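In the numbering used here, the protein residues as written are 4 to 565.
Now the structure itself:
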């Protein structure tokens, strides 16, 4: 369905533009102000449109399309608004696919424009051609293909609308090269206000009764809390019912971690009291979470006979689970309506919620887990936390090292955490670029493993070029840690293959790229290096040399590697 037109901008004949330029004009009209690209000949007129509108849309030339898509993902995650990605045909869109997949799994708005082969050549395996519908059909939220130049403004507007409607996600728009170079006389559609998606109040009543009857309820709060800026409503709802909240995987910033109702993060590893609470709970209330495999422990948290209330703005997600009550709604109206229906909590529930919060505080306190190596990531994070404020944005890559940050960094503000739920390595360096462009007044600190940096670390040059003061911390243990741990656990120590790496001098690489850089081999040296890195006017990097035995700050994961 196409968006309502509202007021239209009608170009005169002298103002008629090429199809590629109409893409850019539509983006600007709909509030998209940032685009990432590796330029290609198949979308020259879109590039020209961006050049003509350089004061209205920021264009970031990236080093690889996957990096650009990661930047757009972080930007969309932290703003709730899509950034644009422009790539070419087969090679460009293939490279971008990792970031598009990440945006899909993270429910992040993004609009991707693929400069395609000429319309008459489509379907003939032309130079660099792939079928974008087939390729992205299971990766993107939707793939659109304007048939002619006059369809381009509406297809672009529809892509933007779809990217934020219901469950947000990436939209791919395939535009043939010849179509983008032809003139269009079609008006640029204005944005139409989004219609609020309110809950069925009968279902709210049913959910409230189930929650009130539960003795040991548990909330799982996920991505839609962040996407719809509903942290305040979540906190008020939880406080009213004294309901313990566990954040979904990599969604640690859904509510203040210091709040008495916060009971920890649903990481790959869980701590003992958290596992006990999950086992003992008699009701799961999933709010804004698609209940992905890690969050739900492959759905083992959703046991037969254990009631489930699920609130999510997408009926397709709700249909995946056999819920006692499924509420298809935006977060804010659902949480407000449900809060008003709750009965006062019992003294026993209040005490249980306090106990779970105390267990989280104990677990996340640095000093209760001893590292083998001279660099203790718990001490590193504790030092960092004493220096930065709670408005700083923390970016974490895929990798076991990120579990140290997830355990010891306490998040107090919404939109201060970015990282891939998809487990895509290489997110953090480009993600830091996107995060800084999204929130330029906020400090950005990105943690990345040695493996992840080797995948997209070249985007540090993009940060240098854009003069972005981002801080990159490379946690280098010279192994693919979680895979090595799995090999040791499954086959015994000494049976590793393909998991031990030779690391380069990451500080030297950063300096060659034009950034400042420091190497840290002891925890005691981190503070000086970090303060120096923060003082840099442009990007800076700290190379942490960590021990391969310190895979993750959890018993079994840590002990697996010797």
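C-beta: ideal position from N, C-alpha, C; glycine also. Only a predicted model underlies this, so the values are computations on that prediction, with no experimental measurement involved.
Item to check | Sequence-distant residues of the same chain with beta carbon closer than 6 Å to residue 380, five excluded per side | outcome: 407
Next on the checklist: I'd like the span of the alpha helix (DSSP H) that includes residue 229, first residue to last.
Outcome noted: 226 to 230
Checklist entry - For residue 410, which option in 364, 74, 468 has the closest C-alpha, if you only look at C-alpha atoms? => result It is 364 whose Cα lies nearest to the Cα of residue 410.
Checklist entry - Expressed to the nearest angstrom, what Euclidean distance is found between the alpha-carbon atoms of residue 513 and residue 98? => result 23 Å
Item to check | Buried or exposed by the 16-neighbour rule on C-beta atoms within 10 Å, applied to residue 343 | outcome: It counts as exposed.
Checklist entry - Just reading off the alpha helix (DSSP H) that residue 356 is part of, what are its end residues? => result 350 to 366
Checklist entry - Where DSSP assigns a beta bridge to residue 28, which residues make up the other side? => result Residue 28 pairs with nothing; no bridge assigned.
Checklist entry - If you draw a straight line from the C-alpha of residue 244 to the C-alpha of residue 404, how long is it? => result 35 Å
Next on the checklist: Per the DSSP calculation, residue 145 is bridged to which residue(s)?
Outcome noted: 174
Next on the checklist: Once DSSP output is grouped into helix, strand and coil, what is the label at residue 331?
Outcome noted: Correct three-state label for residue 331: strand.
Checklist entry - How is residue 530 classed by DSSP in three states: helix, strand or coil? => result helix
Checklist entry - Mapping DSSP to helix, strand and coil, what is residue 522? => result Residue state, collapsed to three classes: strand.
Next on the checklist: Three Cβ pairs or more, each shorter than 8 Å: is that satisfied between the stretch 171 to 184 and the stretch 138 to 145?
Outcome noted: Enough Cβ pairs lie closer than 8 Å, so yes.
Checklist entry - Which residues bound the alpha helix (DSSP H) around residue 267? => result Run containing residue 267: none in the alpha helix (DSSP H); it sits in the beta strand (DSSP E), 265 to 268.
Item to check | Neighbourhood of residue 184 by C-beta, 8 Å cutoff - its chain only, sequence neighbours within 5 removed | outcome: Around residue 184, the same chain offers 21, 22, 23, 47, 48 as residues with beta carbons nearer than 8 Å, after the five sequence neighbours per side are excluded.
Checklist entry - Nearest-angstrom Cα distance between residue 195 and residue 534? => result 47 Å
Next on the checklist: Report the CB separation of residue 316 from residue 170 in whole angstroms; it is logged as a contact under 8 Å.
Outcome noted: With a Cβ gap of about 6 Å, residue 316 and residue 170 count as contacting.
Next on the checklist: To the nearest angstrom, how far is the alpha carbon of residue 386 from that of residue 448?
Outcome noted: Taking the Cα positions, residue 386 is about 13 Å away from residue 448.
Item to check | residue 478 - partner residues in DSSP beta bridges | outcome: 452, 547
Item to check | C-alpha distance - residue 213 paired with residue 346, whole-angstrom precision | outcome: 11 Å
Checklist entry - According to DSSP, is residue 279 helix, strand or coil? => result Residue 279: helix per DSSP, three-state reduction.
Item to check | residue 543, buried or exposed, once every other Cβ within 10 Å from all chains shown has been counted against 16 | outcome: With 16 or more other Cβ atoms within 10 Å, it is buried.
Checklist entry - Any idea if residue 505 is buried or exposed, counting beta-carbon neighbours within 10 angstroms, 16 or more meaning buried? => result The residue in question, residue 505, is exposed, as its Cβ has fewer than 16 Cβ neighbours within 10 Å.
Item to check | Residue burial classification, residue 278 (beta-carbon count within 10 angstroms, cutoff 16) | outcome: exposed
Next on the checklist: Assuming residue 81 is part of the alpha helix (DSSP H), what are its boundary residues?
Outcome noted: 68 to 82
Checklist entry - If residue 138 and residue 96 are in contact, beta carbons under 8 Å, what's the gap, nearest whole angstrom? => result 7 Å
Checklist entry - Would residue 356 pass as a contact of residue 478 if the rule is Cβ separation under 8 Å? => result Pairing residue 356 with residue 478 gives a Cβ-Cβ distance that is not under 8 Å.
Next on the checklist: By DSSP's criteria, residue 1 is part of a beta bridge. Which residues make up the other side?
Outcome noted: Nothing in the structure corresponds to residue 1, since the chain is present only between 4 and 565.
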